[in-house]
Structure formats: C-alpha cells, structure tokens
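In this note's numbering, the protein residues as written are 19 to 331.
Take a look at the structure set out below.
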C-alpha cells in the first residue's frame, strides 16, 4: 500500500505529542519533516519537546526544522496554562536534548521537501498556521504542489447553547488569525478538524485514560501527560484528542464525515473568529462527525504497537 508522504507542523503541546508519537511507527505515514512553530509555548520549548519525542522513540532520522517564533499577525498569549510550563502536561521532559534541529529554517525546509515530492505530499498542521502562511507568501508556487492541508482548530458556530465552545474562538485560529486567513484563502485543498471534534466527539473519559495507563510504558507516558491536561469548562474529567484527529483525517479519512464550507477568518474586531457557510462551493472540507469507537480502537492499538519503548526504568 502506498505510503502517505507528509510534513507535520506542530507546537507540542500535550495533544501534539500524542499525535506525533502514534504517527512515528504507523505503517502508512511517511513523515518527511517535522517543523515547529510558536503557539502552545515558545519556539525553543516546543522544538525541544519534538526532539525529545524523537529521541525517546528512536526516530531521530526524521529532520526537525525550527520555525516561526512569533505570529504572522499580532502577538497573542500562549497556552502554557493548559499544557503546563514545559508543554507536556504532567510529564517533565529534560531541559536539554542531544539531537539538534537542522540548520535550514522551517519555511525553506518545507519548500525543499515539497519540491521533492511535488503533488504527493500533505501538511498536517497541529499548531498555528504561521509557518505555512509564510511559506505561501515567500514561495507562492507551492500552492500548486501541495496535495492537501489538514489542520486542527476552529469553532464554526458561536451561537449560545451550541455546546461548550460557542464563541467562534479556538486557540490555533486565534493565535495567528492572519496566517490562518492566508492559508484557507490560498487555494490549497484544506480539511479543518474543529476543536469540538477532539473535546466533545472523540475525547477520552477518565476511565479510558486509566486504561491507557495500563497498556505499557508508552501508555504510562501518555497518562502522565494527561494527568495535568484535563479539559476545562466541562462537568466531567475528559481528555481532548484534537491533534490526533487531525493526523487521522489524513491517515484514516473513513473515520470522519466532512462537508464543504466557506470559512472567513476575522482579523479585525473579533480577532480569530471563524465563520462558516456550508456550501458545495466552499473553500474547505469541514469535519463534523467521527466514528469514536473505531478512532479509540486505533489509538489503543497504536500504543500497543509501541511495547518495546521503555520510558520508566
């Protein structure tokens, strides 16, 4: 079966860490490059976190390119209050790692990989859209070379009573709304996995999180991260799977239902607000439904495949 060539653009982050970890040994995913972007935490922390993940999982063969240290648009606060100050929830990564990012910065590294895999590579964006927006602005010819973009983040409605996330805002969209606007208006095919997907439709409950802990050492690692990552604003204890859903939209599209929509991104009075109009002529594919049972089966199965990795000695 043909592998899926991809670039993962990320800002780890607990949910980024989980998504990347499960992708490293997926038989269908061929990760050509990982790029980092300031978002959940500053660029040095998220880059360190990616390098640490690759060291722990013995995948330092994947190049890592350091990306944007600030948004394309105006400065916005990070999400350390959710991901904790070192970015990996209750798991404390080392301050230093042996592996270094490549010398080429993210935009140029992306451009080279895309040219090498013209029309046969997708970008999975797990953080703000800054790097990809800069890529489009600097090298507009990439628009015709990228197969697809899969991204996490957006709240499509904003009406009172529409669940818990109803104010049009999600972190990745609001952290760099200018960049998101550039990406969704670029003409590149885009699939958007809204924040509600991971928080309300594909989340783990407390019992499931304890089951993850009991699988193996990697499960314990996930549990340690998750133990300081419980979702805010819900009556129960739950863990969101936002970025894992974005990766799976590429890896396992049959898990999801999508519909075409036109999205507009506010960069003025309600910075980061995203408005969706559902129409067959839309500029994005909007994910609105997931097969939660099969998604969870994949998640548990992927952790089981990582039995040989020992986080705790």
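Yeah, the Cβ is synthetic: ideal placement off N, Cα and C, and Gly gets one too.
Answer with buried or exposed for residue i, where buried requires no fewer than 16 other C-beta atoms within 10 angstroms of its C-beta.
{"i": "residue 46", "result": "exposed"}
{"i": "residue 102", "result": "buried"}
{"i": "residue 297", "result": "exposed"}
{"i": "residue 234", "result": "buried"}
{"i": "residue 96", "result": "buried"}
{"i": "residue 31", "result": "buried"}
{"i": "residue 315", "result": "exposed"}
{"i": "residue 49", "result": "buried"}
{"i": "residue 330", "result": "exposed"}
{"i": "residue 111", "result": "buried"}
{"i": "residue 241", "result": "buried"}
{"i": "residue 121", "result": "exposed"}
{"i": "residue 170", "result": "buried"}
Is residue i near residue j, with beta carbons less than 9 Å apart?
{"i": "residue 172", "j": "residue 204", "result": "no"}
{"i": "residue 320", "j": "residue 129", "result": "no"}
{"i": "residue 292", "j": "residue 163", "result": "no"}
{"i": "residue 148", "j": "residue 86", "result": "yes"}
{"i": "residue 209", "j": "residue 304", "result": "yes"}
{"i": "residue 63", "j": "residue 104", "result": "yes"}
{"i": "residue 33", "j": "residue 258", "result": "yes"}
{"i": "residue 327", "j": "residue 76", "result": "yes"}
{"i": "residue 279", "j": "residue 301", "result": "yes"}
{"i": "residue 125", "j": "residue 69", "result": "no"}
Going by Cα to Cα distance, which pick from the options is closest to residue i?
{"i": "residue 275", "options": "189, 263 and 281", "result": "263"}
{"i": "residue 52", "options": "71, 226 and 105", "result": "71"}
{"i": "residue 84", "options": "108, 118, 98 and 78", "result": "118"}
{"i": "residue 201", "options": "221, 239, 157 and 238", "result": "157"}
{"i": "residue 271", "options": "125, 211 and 59", "result": "211"}
{"i": "residue 207", "options": "218, 250 and 161", "result": "161"}
Sorted by chain position, which residues of the same chain lie with C-beta nearer than 7 Å to residue i's C-beta, five sequence neighbours on each side aside?
{"i": "residue 193", "result": "57, 89, 94 and 146"}
{"i": "residue 312", "result": "273"}
{"i": "residue 268", "result": "22, 24, 140, 142 and 168"}
How many Å lie between residue i and residue j at the Cα?
{"i": "residue 223", "j": "residue 252", "result": "11 Å"}
{"i": "residue 91", "j": "residue 285", "result": "8 Å"}
{"i": "residue 137", "j": "residue 166", "result": "9 Å"}
{"i": "residue 247", "j": "residue 131", "result": "34 Å"}
{"i": "residue 318", "j": "residue 28", "result": "22 Å"}
Which residues in the same chain as residue i place their Cβ atom closer than 8 Å to its Cβ, once the five residues preceding and following it in sequence are excluded?
{"i": "residue 65", "result": "54, 82, 84 and 119"}
So, for residue i: in the same chain, excluding its five sequence neighbours on each side, which residues have a beta-carbon less than 6 Å away from its beta-carbon?
{"i": "residue 196", "result": "90, 91 and 285"}
{"i": "residue 236", "result": "321, 324 and 327"}
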